[in-house]
Amino acid sequence: FARAAAWPHAPGAPVLFVSGTASIVGHRTVHAGDVVAQTRETIANLVAVLEQAARQGHGPFTLADLNYRVYVRDAADGAALAAIERVLREAAGPDLRALFVHADVCRDDLLVEIEAGAGHATEWLS
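Counting the sequence shown from 1 gives a position; my numbering is that position plus 308.
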């Protein structure tokens, strides 16, 4: 398992893939039951991945550079979907490129999980 993978020699621009990321610190889920706090923690984890990639010479990428696939546990919860989108848009900017998908999230106590990528064709939005 890898948190992320970079391909710095891709034709055109460097490529970054970030695997499913959630509100997990260490090995512990944090903010159980709070979709806004889980989304913020997930974004903080994504930023940490971007910073590590930059330290290793990949990028720099920003949250605004990424395409997102957002997995949500309860697709019928319109308020939760709106909150996730609002928090993600606040962090990534107004030109957010995100696809929301109803799916089983990696742990029972998680409400949201996010994959992201940059520098490649956006199969994310199909």
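Virtual Cβ for every residue (Gly too), placed ideally from N, Cα, C.
Out of A345, R336, Y376 and G386, which has the shortest C-alpha to C-alpha gap to G401?
Translated into positions along the sequence shown, residue 401 becomes position 93. Nearest option by C-alpha distance: Y376.
State the start and end residues of the unbroken alpha helix (DSSP H) segment that holds A345.
Here the question's residue 345 lines up with position 37 in the sequence shown. From DSSP, the alpha helix (DSSP H) with A345 extends over V343 to R363.
Using 7 Å as the cut-off, classify the Cβ of A426 as near or not near the heavy atoms of the ligand ZN, replying yes or no.
The model depicted lacks the ligand ZN and carries no ligand whatsoever.
Suppose the cutoff is 7 Å on Cβ atoms and the five residues either side in sequence are ignored; what does the same chain contact list for A312 look like?
Walking along the sequence shown from the start, residue 312 turns up at place 4. Hits under 7 Å: L324, F325, V326, S327, V357 and A361.
Where A312 sits in the DSSP three-state scheme:
Against the sequence shown, residue 312 aligns to sequence position 4. If DSSP states are grouped into helix, strand and coil, A312 belongs with the strands.
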